[in-house]
Amino acid sequence: VQLQASGGGLVQAGGSLRLSCTASRSIFSLSTMGWYRQPPGMQREWIAGFAFASSTNYADSVKGRFTVSRDNAKNTVYLQMTNLRPEDTAIYYCNVHRRGVQPEFDYWGQGTQVTVSS
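Quick note: the sequence shown uses our numbering, first residue 26, plus one each step.
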């Protein structure tokens, strides 16, 4: 399975962006899906995701500003980001994984840069 993350760019504070994570085949309902980000000089952190077909959870830092949605027909998960702040500047990654149930897997997208200017 390949994951393609896209939609990053440069935006002013208060603006919006929508990231996409497209899988090469249907997999999101069979796995745990997560959006992560890695700010400059910092470690990668989880920001949002869902397990199988359950509801989505969000990190406190993005709750109320970011929304995850899914288009099963397109094998795509979106991350709608609103009211962006300079501290949201990071490389954003998507991930799908499954552990404890065979077959296990762990796939990452290549990352997409989001830069928020003040």
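Ideal Cβ positions, reconstructed from N, Cα and C, are used throughout, including at glycine.
The structure displayed is predicted, hence computed values, not measured ones.
Extent of the continuous beta strand (DSSP E) run through residue i
i      : result
Asn120 : 115–123
Gly34  : 34–37
Arg31  : Note that residue 31 is Ser in the sequence shown, not Arg. 28–31 is the span of the beta strand (DSSP E), which, as asked, contains Ser31.
Val141 : 137–142
Helix, strand or coil at residue i [DSSP, three-state]
i      : result
Glu129 : coil
Leu42  : strand
Phe91  : strand
Beta-carbon proximity list for residue i, same chain, < 8 Å, skipping 5 on both sides
i     : result
Ala73 : Gly59, Trp60, Thr81, Asn82, Tyr83, Ala84, Val87, Phe91, Val93, Leu104
Within 8 Å, strictly: CB atoms of residue i and residue j
i      : j      : result
Tyr132 : Arg62  : no
Leu170 : Leu109 : Residue 170 falls outside the range modelled here, since the chain spans only 26 to 143, and no answer is possible.
Ala76  : Ser54  : no
Gln135 : Gly33  : no
Leu64  : Ala30  : Contrary to the premise, residue 64 reads as Pro rather than Leu in this sequence. No; because the gap between Cβ atoms is not below 8 Å, this pair is not in contact.
Which residues DSSP lists as bridging residue i, in chain order
i     : result
Glu70 : Arg62
Asp96 : Thr101
Phe75 : Met58, Thr81
Thr47 : Gln29, Thr101
Own chain partners of residue i with C-beta closer than 6 Å, once the 5 adjacent residues on each side are dropped
i      : result
Val121 : Ile52, Ser56, Met58, Tyr132
Gly40  : Leu109
Neighbour flag for residue i against chain D, beta carbons, 8 Å
i     : result
Ser45 : The chain inventory of the structure shown lacks chain D, comprising one protein chain alone.
Own chain residues within Cβ distance below 7 Å of residue i, not counting five before or after
i     : result
Ala38 : Leu109, Arg110, Pro111, Val141, Ser142, Ser143
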